[in-house]
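Below is one structure, written out as structure tokens; comments come after it.
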Amino acid sequence: MHMENLKIIWHDQLAEDSFFKLQSLSVEYCENLVNIFESNMLTRFQSLERLEVSYCGSLQEVFELQRHDVIESHAVTAIPLKRLMLHSLPKMKRVWNKDPQGIFSFQNLQEISVLECESLQSLFPASVARFLMQLEDLQIDDCGVEEIVSREEIAKAATRFVFPKVTLLVLSKLPELKWFCRGVHTSEWPLLKELEVSECDQIEIFASKILNFQETDEESQLETSIQQPLFLVEEVAFPSLKTLTIKHMENLKIIWHDQFAKDSFFKLHSLFVEYCENLVNVFESNMLTRFQSLERLEVSYCGSLQEVFELQRHDVRESHTVTAIPLKRLMLCHLPKMKQVWNKDPQGIFNFQNLQKISVSECESLQSLFPASVARFLMELKDLRIDDCGVEEIVSREEIAEAAARFVFPKVTLLVLHKLPKLKWFCRGVHTSKWPLLKELCVRGCDQIEIFISKILNFQETVEQSQLETSIQQSLFLVEEGTLFPNLEVLILGGDYKMKEYKQHKKMNFIGRLVGPGIANIMGFGRANIIPGIANIMGFGRANIIGPGTANIIGPGTTNIIGPGTANIIPPHNSSFEEEKGFKILKMEIILNMKQWERDL
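Numbered according to the numbering used here, the sequence shown terminates at residue 606, and the numbering increases by one at each position without gaps.
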């Protein structure tokens, strides 16, 4: 309702059964309303399950319990309210202006949402918070709260708050929030599945129990004067949590402490970390073993982050047991100071063999992506994208071995290397790589690569020869023999390439399926030369080159290019497309303007 001059909704002279069946109440845009319920009236609403109050500029509290005519009683009235929605109440300091302990119970609350209440100091009195047995959804956004739960007196012993049914908790834009509850306490969230903490700059997030629960008054008072973590847990922390989002926490330096019980965060499936300017790392090795369900990790816009996995802590215990990390999807974006994803080769400690999709972009200080021990076991990897980073090599090795290292990526179907101006090689030192299922390959803006693909030399070379090999320009792809990309369908090459050389061997074929069924597109940017081997694809049917400028085709099979626009290539064999059933027309696009390609894409 829109009642600008309304100051009070009801009078307490009404008959006892008045509004007995009122189930839902919505109050909006009542500029002069001071409160919604006075205590003498509250007992009448025995069916009220939903309350929504919004845009009431003068409202100071929802439940006014300090009237002189409140009758003290030993009978506690259970309020049936299930859903409470409070929105844009700029002068509301408290929802309850007095702790209703011994008078009213709000144990039926299931959903609470409080938004844009800048004067709100706390949400619950302690007596309300202790009995929220049915609460499932709690969201507080853009408010002035210093604490979620308030206590009139600080108890000597730690207070325990249990929220047995909460599955969703969102705390967003709470710049004044300092603690969950002032004083020493613990909280339990056994069914919490989704947690988001955003723009709460004055707090840490997690910690196990602090100090002795039997601490003295003096210690307790000291504790309240310093910064506390948002969640203090005594037992297993968040055993059901599946999704954790941490955003815009400018002062956050560490996410977790390693004192948590063993099964804490055991079901965490997805972790999203954004805009945490002072965060240095995401995982330390002592905590990493706990995340046995973590499949998705996204970290972005963390200006101080130096590594994602910190494995060099002095308290890391050497063990012969290798922990398999279930991570499937890793997305890293805009981490300008990150030098490594892993700051130490996790060989013999952790295994990341479940990774399926990796995307890394705008990480200008990144030197390499994988340690060799990680790269060797990416048996499930399907999608690898590196964009606008400072990497010199994709795979790093601490020691250059005498024999050539072999890297096999049996399930990769998409590989994108884009805007990597420092990239010199796939892996420093002599090595080979195999990509049996690769279908799409894009290499653009990798201007230091001179040799795209070549045959490796003698595998039994000496250490001295190997070291010499690492000091000169190497191929991006080194192959031993056979077909490097037997299933490649799309090839995109772009940038100001120096790509001068392509070293072929009679036992080696660059591309397999580009001469067979399922061929798609080859795109080149800049003044691109189609290298030998690729020219062999002209053996079937008729292919069109579409695009401005002159494209040179080098290799077996003399072809004619007619005109700078659409051109026909006459195949070297006298066979028509119809005769070669099952083969598609090859569409080769030479696009000289990079911006045009990006627009068309």
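For every residue, glycine included, the Cβ atom is placed at its ideal position computed from N, Cα and C.
- Spanning the alpha carbons of V365 and L128 requires a straight line of approximately 41 Å.
- Bounds of any alpha helix (DSSP H) do not take in V495; it lies within the beta strand (DSSP E) bounded by V495 to G499.
- Uninterrupted beta strand (DSSP E) stretches at least 3 residues long and entirely within the stretch 106 to 182 occur at 116 to 122, 127 to 130, 142 to 148, 152 to 155, 164 to 167 and 173 to 177, given in chain order.
- The DSSP assignment places 290 to 293 as complete runs of the alpha helix (DSSP H) inside the stretch 265 to 303, in order along the chain (cut-off: 4 residues).
- Non-local beta-carbon contacts of P169 in its own chain, meaning distances under 7 Å to residues more than five positions away in sequence, involve M138, P195 and L196 in chain order.
- DSSP places N37 in the coil class of the three-state scheme, outside both helix and strand.
- A direct Cα-to-Cα measurement between C394 and E151 gives close to 41 Å.
- With a 10 Å radius around the Cβ and a threshold of 16 neighbouring Cβ atoms, E315 comes out buried.
- Apart from the 5 residues on each side of it in sequence, V32 sits with its Cβ closer than 6 Å to the Cβ of V58 in its chain, given in chain order.
- Collapsing the DSSP output to three states places L47 in a helix.
- Around the Cβ of R99, a 10 Å sphere holds 16 or more other Cβ atoms; the residue is buried.
- Taking the Cα positions, L11 is about 23 Å away from V119.
- Where A242 is concerned, there is no enclosing beta strand (DSSP E), because DSSP gives it neither an H nor an E.
- Approximately 19 Å separates the beta-carbon atoms of L428 and D388; this is outside 8 Å, ruling out the contact.
- Secondary structure of A409 (DSSP, three-state): coil.
- Non-local C-beta neighbours of V167 in its own chain, meaning closer than 7 Å and more than five positions away in sequence, comprise E193, ordered along the chain.
- Residue pairing by DSSP places H190 opposite T164 in a beta bridge.
- Looking at the DSSP output, E315 sits in a beta bridge with E289.
- A distance below 6 Å between beta-carbons, with the five flanking residues on each side excluded, links E445 to the following residues of its chain, in chain order: L419 and V495.
- In this chain, the beta strand (DSSP E) harbouring V421 covers L419 to H423.
- Taking the C-beta atoms as reference points, L337 is found no nearer than 8 Å to E300.
- Residue state for A377 is assigned as helix, using DSSP reduced to three classes.
- Short of 6 Å from the beta carbon of K362, and not among the five residues preceding or following it, lie these beta carbons of its own chain, in chain order: R334 and D388.
- The closest CA to that of S23, considering only N40, L38 and S52, is found on S52.
- DSSP places H262 in the coil class of the three-state scheme, outside both helix and strand.
- Its chain contains Q144 and E201 as the residues whose beta carbon lies nearer than 6 Å to that of V175, once the 5 sequence neighbours on both sides are disregarded; these appear in chain order.
- By the CB criterion at 8 Å, P105 and L70 fall inside the cutoff.
- As the crow flies, the alpha-carbon of Q352 is around 60 Å from that of F68.
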